[in-house]
Amino acid sequence: MDLFVRPEIDPDDVVLWEGRANWRRRLRPTGGWLTLTRRRLVFTPNRLERLMLGAALDVPLGDAARARVTTGALSNVELEDAGATVGRFLLEEPHAFVRAVQDRAG
Numbered sequence: 059m060d061l062f063v064r065p066e067i068d069p070d071d072v073v074l075w076e077g078r079a080n081w082r083r084r085l086r087p088t089g090g091w092l093t094l095t096r097r098r099l100v101f102t103p104n105r106l107e108r109l110m111l112g113a114a115l116d117v118p119l120g121d122a123a124r125a126r127v128t129t130g131a132l133s134n135v136e137l138e139d140a141g142a143t144v145g146r147f148l149l150e151e152p153h154a155f156v157r158a159v160q161d162r163a164g
């Protein structure tokens, strides 16, 4: 059994980036799988996190979505849409995710 749970994606949508991630929210990050498509951002907690009531995230993204790598003790990615923060994530390849968001906006 795989630890990571991948979300179901609509057949007419396209996955632009996906990978392991920690969703940085509140005091404790949640480990799971992050998927960026042309239309939405989906975070699915891994099986262990689900046992501890780890939250999921599934939000539609507008054309104004943008991402940036933040600096600090760890490099996080912050995703914004229409001026509001959608989420902060710790990723293995943060710059690849940022490029995928930029390419999505075209």
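For the sequence shown, the numbering used here begins at 59 and goes up steadily by one. The beta-carbon is built from N, C-alpha and C at its ideal position, and this holds for glycine as well.
message: Below 8 angstroms, how does it come out for the stretch 77-84 and the stretch 146-157: are there three or more Cβ pairs, yes or no?
response: By the criterion of at least three beta-carbon pairs nearer than 8 angstroms, the stretch 77-84 is in contact with the stretch 146-157.
query: Between which two residues does the beta strand (DSSP E) carrying L92 extend?
result: In the sequence shown, residue 92 corresponds to position 34, counting from 1. Its beta strand (DSSP E) spans residues T88 to T95.
task: Just the C-alpha distance for G90 and E107, rounded to the nearest angstrom, thanks.
output: Residue numbering aside, residue 90 sits at position 32 when the sequence shown is read from its first letter. Residue numbering aside, residue 107 sits at position 49 when the sequence shown is read from its first letter. About 8 angstroms.
message: Is it buried or exposed, T88, if we count other Cβ atoms within 10 angstroms and call 16 or more buried?
response: As a first step, residue 88 is located in the sequence shown; it is residue number 30 there, counting from the start. When all chains shown are included, T88 counts as buried.
Segments of 4+ residues assigned as alpha helix (DSSP H) that fall wholly inside the stretch 103-148: 105-109
- prompt: Cα-Cα, which of V156, D68 and A113 is closest to R98?
  reply: Mapped onto the sequence shown, residue 98 falls at position 40. Closest option to R98, Cα to Cα, is D68.
task: Locate the beta strand (DSSP E) running through L74, then write down its first and last residues.
output: Along the sequence shown, read from residue 1 onward, the residue named residue 74 stands at position 16. Segment V73 to W81, the beta strand (DSSP E) holding L74.
- request: Could you check if D139 is buried or exposed, using at least 16 other CB atoms within 10 Å of its CB as the buried criterion?
  value: Taking the sequence shown and counting its residues from 1, the one referred to as residue 139 is at position 81. Per the 10 Å Cβ criterion, buried.
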